[in-house]
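In the numbering used here, the protein residues as written are 80 to 343.
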C-alpha cells in the first residue's frame, strides 16, 4: 500500500504541472525516487556514514509530510469510491476510518444539507463553493476548497453525484487542517499552504515567513521550488486535493529560518 501511494506522489508531483524548468522536473523526480528508496524500499544493507546527494531539507520534507499525504490520498480514494446513495452506516464508517475528519455531510443539488454528522458544527458549515464545477475539471471530479478561520482552516472535499447531466447532490467530507497536521512525526517544523494563504503555520505562526507569498500566482508557474533566500527560505512542493492545490513547505535551514516571500 505504501509503495502504491508513493508512486502516486511521484506521478502527481512531477507530472501534473511540472516545475518551471526541465532540469527542476528532473531534480524533483530524483528527489521522489530517493525518498522512495529511503523510506519505502530500504536496501538490505545501508551505509549509515553515506548521506548521498540528498539535501537535508528534502529528507525532512519526506519524513514529516509523507504520513500526512498518505492520509489525504486514502481520503481521496474513499470519497471517489463512495456509494452514490450513502447511508448512515457509510457515514459512520468514514468518521471511524478517518478520526481527524470534522464531519461528513450529504446535500442535494442546490447545496441544502439533508444529513450531517455531527449534527452541529461550531465553525459554521458552507459547501456553496463546491456547487460550481472547476472549468479545468470534468464535472464529476472531486472538488475542494479551503476556508480560513481564526480557529483553524477548514478544508471541504466534495464528490458530486449526477443523474444524467444534472448534479443531484454532493457527498462532503471536511476537516480542520490542524487535525491532519498532527499525523506528522514533527508537525511543528513544516507548513501547509494553498492559494488562500497558510493553512497550517507549524511553529512559525500565522504571520510567519510564508504569510506574504502569493501562492495563487506562484502555482501557475511552478509546482515545486524554494521560496526566499536559499540559506533561510523554504523548500516546497505541491499536491492536489480535487482541484485544490496543497503546498507542503519545510525550512531549507532547519536552524532558525527567516524567509522573505518570493520565488527562487
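C-beta: ideal position from N, C-alpha, C; glycine also.
Q. Does the Cβ of residue 130 have 16 or more other Cβ atoms within 10 Å, making it buried, or fewer, making it exposed?
A. Residue 130 sits at position 51 when you count from the first residue of the chain shown. Confidence at residue 130 is low in this model, with a pLDDT of 47, below 50, so its placement is unreliable and the value that follows should be read with caution. It is exposed - the Cβ of residue 130 has fewer than 16 other Cβ atoms within 10 Å.
Q | Euclidean distance between Cα positions of residue 327 and residue 266 | A | Here residue 327 refers to the residue found at position 248 when the chain shown is read from its first residue. Here residue 266 refers to the residue found at position 187 when the chain shown is read from its first residue. Each residue's Cα considered, the two are about 11 angstroms apart.
Q | Straight-line Cα distance separating residue 170 from residue 199 | A | Within the chain shown, the letter at position 120 stands for residue 199. Within the chain shown, the letter at position 91 stands for residue 170. So the alpha carbons of these two residues sit roughly 15 angstroms apart.
Q: Output the distance between the C-alpha atoms of residue 214 and residue 180, rounded to the nearest integer angstrom.
A: Walking along the chain shown from the start, residue 214 turns up at place 135. Walking along the chain shown from the start, residue 180 turns up at place 101. Roughly 28 angstroms separates the two Cα atoms.
(Q) Can you look up residue 244 in the DSSP assignment and give me helix, strand or coil? (A) By one-based count along the chain shown, residue 244 stands at place 165. Of the three classes helix, strand and coil, the one that applies to residue 244 here is coil, per DSSP.
Q | Distance between residue 232 and residue 197 (C-alpha atoms, nearest Å) | A | The sequence position of residue 197 within the chain shown is 118, counting from 1. The sequence position of residue 232 within the chain shown is 153, counting from 1. C-alpha separation (whole angstroms): 18 angstroms.
Q. Which residue's Cα is closest to the Cα of residue 268: 274, 305, 234 and 279?
A. Position 189 of the chain shown holds residue 268. The shortest C-alpha separation from residue 268 is found at 279.
**Q.** Sheet register partners of residue 182 (DSSP bridge)
**A.** To locate residue 182, count along the chain shown from 1; it is residue 103. Per DSSP, 253.
Q.
If you measure between the beta carbons of residue 252 and residue 149, is that distance less than 8 angstroms?
A. One-based indexing of the chain shown puts residue 252 at position 173. One-based indexing of the chain shown puts residue 149 at position 70. For residue 252 and residue 149, no; Cβs fall outside 8 angstroms.
Q. How about residue 186 and residue 249: are their beta carbons less than 8 angstroms apart?
A. As a working note, residue 186 is residue 107 in the chain shown. As a working note, residue 249 is residue 170 in the chain shown. Closer than 8 angstroms, so yes.
Q.
Less than 8 angstroms between the C-beta atoms of residue 222 and residue 243, yes or no?
A. Counting from one through the chain shown, the residue named residue 222 turns up at place 143. Counting from one through the chain shown, the residue named residue 243 turns up at place 164. No, they are not a contact pair.
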